[in-house]
Amino acid sequence: MPFYPFEVGRVFFIPGCRLGGFRVVAGHEHGVMRKALDVCSKYNAYLISLHFTLTPKGEKVFTLFYDLTECSKPLEKIAEEIRKIESIKEVTLIEQQAEGFIADTTSSIITASGMRVIILREILWSILVNKIREKFGSGGEALLYYIGWDMGVKAAETHKKMAEVLGLREPDEITRILGASIFTSTGWGSMQIEEFTLNPHHAVVTVCNNFECEIAPASKQPYGQLTRGLIAGYLSHLLGLEMEVNETECVARGDPHCRFECKPRK
68 MPFYPFEVGR
78 VFFIPGCRLG
88 GFRVVAGHEH
98 GVMRKALDVC
108 SKYNAYLISL
118 HFTLTPKGEK
128 VFTLFYDLTE
138 CSKPLEKIAE
148 EIRKIESIKE
158 VTLIEQQAEG
168 FIADTTSSII
178 TASGMRVIIL
188 REILWSILVN
198 KIREKFGSGG
208 EALLYYIGWD
218 MGVKAAETHK
228 KMAEVLGLRE
238 PDEITRILGA
248 SIFTSTGWGS
258 MQIEEFTLNP
268 HHAVVTVCNN
278 FECEIAPASK
288 QPYGQLTRGL
298 IAGYLSHLLG
308 LEMEVNETEC
318 VARGDPHCRF
328 ECKPRK
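Next up, the structure:
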């Protein structure tokens with residue numbers, strides 16, 4: 068299956084282009100977004116990004132970004148026309164901050180599944196993780212591991228509550244259906260549970276495109292301390308015993324993926 072990154076699409080840098088956008092809030096009527104898109108299209112506005120969400124009140128909120136370089140009508144006039152569409156409640160302009168650069172400033176709060184999140188770009192994440200290692204050496208590696216452990220425990224607590232609602236009872240089910248899927252969908256990497264047995268307790272976890280390790284400098288040793296701690300904390304909480312996790316393969320040292328062997332700590 069082809070791989071397509073999920074573009075969050077809140078910042079665009081397209082030199083030489085005139086950019087603009089709208090945040091549109093509408094009622095629940097069908098077809099309203101299509102009508103707004105048609106308005107923009109007829110004036111040669113080229114759509115570069117569309118994000119849609121449904122609020123708890125049933126309102127439709129969609130954010131549109133356009134290349135307006137060949138657009139035949141000003142952004143404000145297009146907004147006025149969109150406002151005339153039945154069931155449209157609000158249209159907020161998003162104007163470029165500079166020629167060829169636009170950032171969505173209509174909301175400073177980003178959420179995922181109702182919980183607040185931030186977007187930390189690769190270069191900033193690498194500074195955060197790599198500087199901890201650089202400044203504190205093995206102590207920094209231990210710090211990352213235990214941060215990962217606490218993250219894994221907190222994730223497992225949340226997933227157990229979700230599992231009760233979904234009727235999932237076994238730790239391997241919870242890990243495969245919730246743990247691996249959520250890890251993957253939130254951009255950490257593509258997680259696969261290759262093995263998971265309860266008697267004896269043993270698991271093998273593979274992570275492709277591991278974000279922590281792909282931004283790492285070349286290393287002779289496995290690099291995924293945060294990921295290793297996260298898996299250990301997660302499984303330990305689900306199984307009710309302390310699990311030891313070792314990274315046996317790592318992309319930072321040239322392996323095709325990261326692989327983690329999980330077993331009870333002796």
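Each residue of the sequence shown is one higher than the last, beginning at 68 in my numbering.
Every residue, glycine too, gets a C-beta built ideally from N, C-alpha and C.
Quick caveat, the model's predicted, so the values are computed rather than measured.
Selected residue, minimal CA-CA separation from residue i, among the options
i: serine 139; options: Ala112, Asn276 and Leu117; result: Ala112
i: cysteine 84; options: His95, Leu187 and Gln163; result: Gln163
i: aspartate 171; options: Met229, Ile161 and Lys156; result: Ile161
i: proline 72; options: Gly256, Gly296 and Phe89; result: Gly256
i: leucine 305; options: Glu314, Tyr110 and Arg243; result: Arg243
i: lysine 330; options: Gly321, Phe168, Gly307 and Thr130; result: Gly307
i: alanine 223; options: Pro238, Val128 and Gly234; result: Pro238
i: lysine 127; options: Leu135, Ser108, Ala209 and Glu157; result: Glu157
i: glutamate 261; options: Asp322, Trp192 and Thr273; result: Thr273
i: threonine 225; options: Glu316, Ile249 and Leu210; result: Ile249
Span of the alpha helix (DSSP H), counted from its first residue to its last, around residue i
i: lysine 156; result: Lysine 156 -> not in any alpha helix (DSSP H); beta strand (DSSP E) instead, spanning 155 to 162.
i: phenylalanine 119; result: No alpha helix (DSSP H) holds phenylalanine 119; the beta strand (DSSP E) holding it covers 113 to 121.
i: threonine 294; result: 292 to 306
i: threonine 251; result: 248 to 252
Nearest-angstrom Cα separation, counted from residue j out to residue i
i: glutamine 288; j: glutamate 328; result: 15 Å
i: valine 271; j: methionine 310; result: 12 Å
i: tryptophan 216; j: isoleucine 81; result: 40 Å
i: histidine 118; j: phenylalanine 70; result: 20 Å
i: lysine 227; j: glutamate 148; result: 48 Å
i: glycine 125; j: histidine 324; result: 42 Å
i: serine 252; j: glutamate 166; result: 33 Å
i: histidine 269; j: serine 174; result: 44 Å
i: alanine 230; j: tyrosine 212; result: 26 Å
i: serine 205; j: isoleucine 199; result: 10 Å
i: proline 335; j: glycine 219; result: Any answer about residue 335 is impossible in this case: the structure gives the chain only from 68 up to 333.
i: glutamate 189; j: leucine 302; result: 27 Å
i: alanine 299; j: lysine 202; result: 25 Å
i: glutamate 240; j: glycine 181; result: 24 Å
i: arginine 236; j: alanine 247; result: 16 Å
i: alanine 209; j: valine 196; result: 12 Å
i: glycine 321; j: isoleucine 214; result: 25 Å
Beta strand (DSSP E) segment containing residue i, residue limits
i: lysine 330; result: 325 to 331
i: glutamate 166; result: That residue, glutamate 166, is in no beta strand (DSSP E); it is neither H nor E in DSSP.
i: isoleucine 260; result: 257 to 265
i: threonine 178; result: 177 to 179
i: threonine 273; result: 268 to 275
i: arginine 85; result: From DSSP, arginine 85 is part of no beta strand (DSSP E); its letter is neither H nor E.
i: arginine 188; result: Per DSSP, arginine 188 belongs to no beta strand (DSSP E) and is neither H nor E.
Residue i - DSSP class collapsed to helix/strand/coil
i: glutamate 282; result: Note on identity: in this sequence residue 282 is isoleucine, with glutamate being the wrong assignment. Coil at isoleucine 282, not helix or strand.
i: phenylalanine 73; result: coil
i: glutamate 201; result: helix
i: arginine 101; result: helix
i: threonine 130; result: strand
i: isoleucine 149; result: helix
i: arginine 311; result: Before going further, note that residue 311 is glutamate rather than arginine in the sequence given. It is a strand residue.
i: threonine 242; result: helix
i: glutamate 316; result: strand
i: leucine 235; result: coil
Cβ-Cβ separation, residue j to residue i (assumed contact under 8 Å), whole Å
i: isoleucine 145; j: valine 91; result: Isoleucine 145 to valine 91, Cβ: 11 Å. No contact.
i: glutamate 183; j: isoleucine 194; result: Checking the displayed sequence, the identity of residue 183 turns out to be arginine instead of glutamate. Their Cβ separation, rounded to whole angstroms, is 22 Å, which puts arginine 183 and isoleucine 194 out of contact at 8 Å.
i: isoleucine 115; j: phenylalanine 132; result: 5 Å
i: glycine 291; j: cysteine 280; result: 5 Å
i: asparagine 277; j: valine 312; result: Not really, about 14 Å apart at Cβ, beyond 8 Å.
i: threonine 159; j: phenylalanine 89; result: 7 Å
i: leucine 135; j: glycine 87; result: 5 Å
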